[in-house]
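Residue numbers (my numbering), protein chains in the order written: chain H, 35 to 262; chain G, 4 to 541; chain F, 1046 to 1368.
Beta carbons are placed, not taken as given, at the ideal position from N, Cα and C, and that holds for glycine.
Since the structure is predicted, the reported quantities are computational estimates derived from the model, not experimental observations.
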Amino acid sequence: MSTSKMINGVPVQEHFKNAHHQFDTAKMGIWLFMATEILMFGGLFVGYAIFHMMYPEMFAEGARFLDWKLGFVNTLVLIFSSLTMALGIHFIQMNQIKKAVWALAITIVCGAIFMVIKYFEYTHKFHMGIFPGNLLDIAKLNEHLTAQGLDTVKSTNLGMYFGFYFCMSGLHGIHVIIGMGLITWCLIRAVRGDFNPNYYTAVEGVGIFWHIVDLVWIFLFPLLYLVG
Amino acid sequence: MGNAAHGSNYINAEKGLMSWLTSLDHKRIGILYFVTILFFFLVGGTFALLLRLELFAPNVNAAGQAVAGAIFKTGDTYNQALTYHGAIMVFMVIVPGIPAIFGNFFLPLQIGAKDVAFPKLNLASWYMLMIGATMAIATMFLNKVDTGWTFYTPYSIRTSGSVSLMIAAVFIMGMSSVFTGLNMIATIHKLRAPGMTFHRMPLFCWAIYSTSILQVLATPILAITLLLLIMERAFGVGIFDPKLGGDPVLFQHFFWFYSHPAVYIMILPAMGVISELLTTYSKKTIFGYTAIAYSSLGIAGVSFFVWGHHMYVSGQSELAGVIFSFLTMLVGVPTAIKMFNWIATLYKGSIEFTASMLYAMGFMFLFVIGGVTGIMLAVLPIDVHFHDTYFVVAHFHYVMVGGTLMALMGAIYHWFPKMFGKMYSEALARASFVFVFIGFNVTFFPQFILGGMGMPRRYFDYIPAYEQLNKISTVGSWLIGIGFLIGLVSIIQALRSGAKAPANPWGSKTLEWHTESPPITHNFSHEPHVTEGPYEYK
Amino acid sequence: MMWLFSLINRANAQTFMPTEGSDIATRVDNLYAFLIATSFISCAILIGGMVYFAVKYKRKSDNDKVAYITHDTRLEIIWSVIPLIIFLVVFAWGWIIYHDMRKMPENALEIHVTGRQWAWMTEYKNGVKSPNIVVPVGRDIKIVLSAEDVLHSLYIPSFRVKQDAVPGRYTALWFKADKMGEFHVFCTEFCGTAHSGMITKLRVVSQEEFDKWLIEESEVSLLPMAQRGAKVFQTRACASCHNVDNAAVKIGPSLHQAFGADRDLEDGEKVAVDDNYLRESILNSNAKIVKGFGPRSAMPAFQGQLSEAEVTALIEYIKTLSK
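Shown next as structure tokens:
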């Protein structure tokens, strides 16, 4: 049964002893969930490693279609957003709710910038005929390449590289969108005045989620854009 | 002891269907799981009976003429039925079974907590299971799936049928499993009553703890594998498809990296139940508490490194086969330790043959056979012969049905008075045991021999040499069916007209028996203070 | 002790296990007999112990005196170490046999076997194709496996060997038959509709007979067209889905008296079974599906699988079924 009562401005569910107990438990739950997230991406990384070992040339060829500059900008944007997220939590702990709201808002904007850049990257690829797996349109891609005076595609199974590219960056992108939604929810609650230095479990949890999402990107960026 | 005067309990605290569907009470959520999993079990069981009925006789006799009475017209229908039998039983019955029903209901009670750590997440987990199950069952009415529950590529990429929907369903049920596990871990770490140290926890809690670790750490790999399979079907990303240079065997590695630990997700909670039943019905403290508790963790740990024993003939290297065979031998040791400790527990006890105790002893009987045949299958050349034959089918049914389902039945009869506050008819319960136990052996023992003779599994039809044993096996399946029906009748009868249950009908020592039957909404009227171990029968 | 194993093994070999067709099979069975014997003993100890205690310490009254024994480290060690030793022994024993199973002999007769939904096809170095596997006795045989569509698994119970056929790569197994005769070959990796029909025969014959058979088979091209068609029909295991001597439906429509008749199709059309219809249906079974066999045909498309001459021969053979 879980009805909550307010203790020092903190809604404590009645199966917890006090606010601190509740906070600790929630944080443990979130870390456990993060472990599952990391393991899930881990599966993709293992698959990537195996096939990269089998077809190094094909992966190198695929990577040259990615613009590392855009990837790098996105990396900076996400790292910056991690900072603002941390600041948001810091300001709530200092009871400076207004500043916290600004920090959260900037975080959301960073997430949006990331997604917009991703959108341009994706549409550019679709335009060139680059789709995952079987859908990769090699004829169209070669047309583009010859028009630019570049070599045509050599690997016959290039689609697999883009299978990995779209699955990995797509799954990450979905996490960014979910994260933006969660931060928006925290922002609304912050504006409403739900949080105070004794009670900010939701922001803390979403913050951890956001950092993990950033961390995954920090692995994805070199693997997809640089190592090739 | 609680305060029973006002007669309010978790069942009558609120009325109406909506009060159940929106309840955050772990006990009510446990009951929701109980009812729904029971329903899934009946559906999966019906498929099993149909499969056995089809195998009653070969479709073609020795003279080459079609035999009348085959119930499935084509191999396709049979393959679909076996897929639904497997998928329903694994993902909707045995994986959630004991942890979600009894873990939910009794883990907080046994450690003296008021609820699980995250009650809303707990309810959400049930809804996720329901959504997943609905999607899985919906595929029966769209395009039936015929991949088998293992979804091996590239067949699962090529076949028609709503495979993607089915996989998405399993993905969602997997999330439900992750969240249940996560909830249990946090509950055990953070919500134990004062004095309830880890080493004073009942062994059921230890088993659920080990299970939960597996659920949290193994299921994400299944999740990503299934997502990739959906992508494979949608876009042909080529990771598991040889057409683009992908590797279908990699799918098997990923799949078993989850599904082998999943085997322990299915059996560890059952082992926990057995520890409870044996102590209660022999009125004796458990022999080797620490050994049993830590062997659960040991099994959980090693189980992550044995997946390749499903793949000795898949084309993996000889070295891989040897390593996996060796590690599998190691996982046998903690299992043997448990077995010996349980039997030592009976020594100089005061043993009462209640229905629960009969089921517990049935578990030990069948699990020993499941265990030794498991060791046989871990031996490389023996598995080369037995792999994908009925020997394997018999082995895992001895473990999953003879093990987990027997324990589940034992748990139902053990905890039913606490859950519903009613007593059931011992006679009916014992009758159900007799039918299930005998029927089980009649059904599955012949399958060991069939496997030795070389009958492959997932066969819609077989050569005439296998006919006799298949007939016996099918007859056995009817006995099991009767046994479970009697069990169902005993439960319904108890719910309708059972006598009122006392707080502690079995004289058990664990905390859940220290509150009324059924428990009050807040579990305990006073927070328990624990001063001794869980099985202090002196 | 040993006589017990050999006794179990003898009983085992005749009733519970298929005939031992090779030396490795005998070695596997010996290990299996050892496992059965140790398993019986462990079951006797565990189940027997449980039943004995249960009967002996049956509850007599509610106030029975029970012992209070929490643990015994010595016992824990004993019952961890003894099983571990047994497990390691069978592991090592198994490893030795497995190593010999997996180590491909040099100078073996190499035969290619391909799995496809739902038939095996054997191909010899001289180009002979056969639905059955025919091998000479007493010689190392290496079977190189491949798969055209999905996973299959070649299983010869009498030789205790099994290996998955994986699309996109080669796998292999070997055996040396020391008995002549016919043995079952099953597919043990689930592969769809007619998985359980993917059975063929392994014929072990003398070296002379084998040589003679290979020559005879390679002369198939000299046969009359219809007979050659019958051969292709057999090689491609068409008979597992199509009846030829009566009108009963198997997985696909019967071909008995089919040529020259009219067929109703799934889409409501009617079509005459003539040369071109047969040709189209063989090469692309989904083009015109007979009523009751839709919406997708279960038959694999043979486009690119059969030579022009083979298709023509098949059609000639099907014509003979209507006489």
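Apart from sequence neighbours up to five positions away, the residues of its chain that approach G:R55 with a beta-carbon distance below 7 Å are S476, T477, S480, ordered along the chain. Of all residues in the stretch 430-461 of chain G, only I452, G455, M456, G457, P459, R460, R461 come within less than 8 Å of chain F when Cβ atoms are compared, listed by chain position. Non-local beta-carbon contacts of G:F243 in its own chain, meaning distances under 8 Å to residues more than five positions away in sequence, involve T156, P157, I160, L231, L232, E235, G249, D250, P251, L253, F254 in chain order. Counting other Cβ atoms within 10 Å of its Cβ, F:G1337 stays below 16 and is therefore classed as exposed. In the structure shown, F:H1116 falls within a coil segment according to DSSP collapsed to helix, strand and coil.
Looking at the backbone, the Cα of F:H1240 and that of F:W1165 are separated by about 11 Å.
Spatial neighbours of F:V1180 in its own chain (CB-CB distance under 8 Å, excluding positions within 5 residues in sequence) are listed in chain order as L1154, I1156, I1186, A1222, L1247, R1248, V1249, V1250, F1255. Sequence-distant Cβ neighbours of H:L138 in its own chain, meaning closer than 7 Å and more than five residues away, are G122, I217, C220, L221, A224.
Cβ neighbours of H:H209 within its own chain (closer than 6 Å, five residues either side excluded): V247. Per DSSP, F:K1187 is not a residue of any alpha helix (DSSP H); the beta strand (DSSP E) it occupies stretches across 1185-1192. Note: F:E1155 is bridge-paired with F:K1187 in the DSSP secondary-structure output.
Look at H:Y233 here: in three-state DSSP terms it is strand.
If you draw a 10 Å sphere on the C-beta of F:G1183, you find fewer than 16 other C-beta atoms in it, and that means exposed. Here G:T392 is actually not in contact with G:G318; their C-beta atoms are around 18 Å apart, not less than 8 Å. Out of H:N42, H:H245, H:Y234, H:V80, the CA that lies nearest to the CA of H:D58 is found in H:Y234. For G:D250, the secondary structure class from DSSP, reduced to helix, strand or coil, is coil. Under the three-state reduction of DSSP output, H:K132 falls in the helix class. A residue is called buried when at least 16 other Cβ atoms come within 10 angstroms of its Cβ; H:Q182 does not meet this threshold and is exposed. With respect to H:G105, H:Y259 sits close: the two C-beta atoms are nearer than 7 Å. Residues V1182, V1249, V1250, S1251 of the same chain have their beta carbon placed closer than 8 Å to that of F:M1225, with the five preceding and five following residues left out of the count. Contacts with chain F at 7 Å (Cβ-Cβ) include G:V371.
From the listed residues H:M40, H:I242, H:W65, H:R226, the smallest Cα separation to H:T118 is found for H:I242. G:V316 sits in coil when the DSSP states are folded into three classes, being neither helix nor strand.
Sequence-ordered contacts of the stretch 97-108 of chain G with chain H are nonexistent [C-beta pairs closer than 8 Å].
DSSP places F:D1307 in the uninterrupted beta strand (DSSP E) bounded by 1307-1309. Annotation: the continuous beta strand (DSSP E) that includes F:A1317 extends over 1315-1317. Apart from the 5 residues on each side of it in sequence, F:L1300 sits with its Cβ closer than 6 Å to the Cβ of H1287, V1289, I1363, L1366 in its chain, given in chain order. Legend: CB atoms of the stretch 208-220 of chain G lying less than 7 Å from CB atoms of chain H belong to residues V219, L220. Contact of G:V166 with chain H is not assigned, every C-beta pair being separated by 7 Å or more. Contiguous beta strand (DSSP E) elements confined to the stretch 1193-1264 of chain F occur at 1197-1201, 1206-1210, 1216-1221, 1226-1232, 1245-1250, taking only those with 3 or more residues.
With a 10 Å radius around the Cβ and a threshold of 16 neighbouring Cβ atoms, G:K425 comes out buried.
With the criterion set as a beta carbon lying under 9 Å from some beta carbon of chain G, the members of the stretch 62-75 of chain H are M62, G63, L66, F67, A69, T70, E71, I72, L73, M74, F75, in sequence order.
For H:Q47, the enclosing beta strand (DSSP E) begins and ends at 44-47.
Between G:F44 and G:S128, the gap from beta carbon to beta carbon reaches 7 Å or more. The alpha-carbon separation between G:L361 and G:V219 amounts to approximately 33 Å. Residue pairing from DSSP places F:V1335 in a beta bridge opposite F:L1310.
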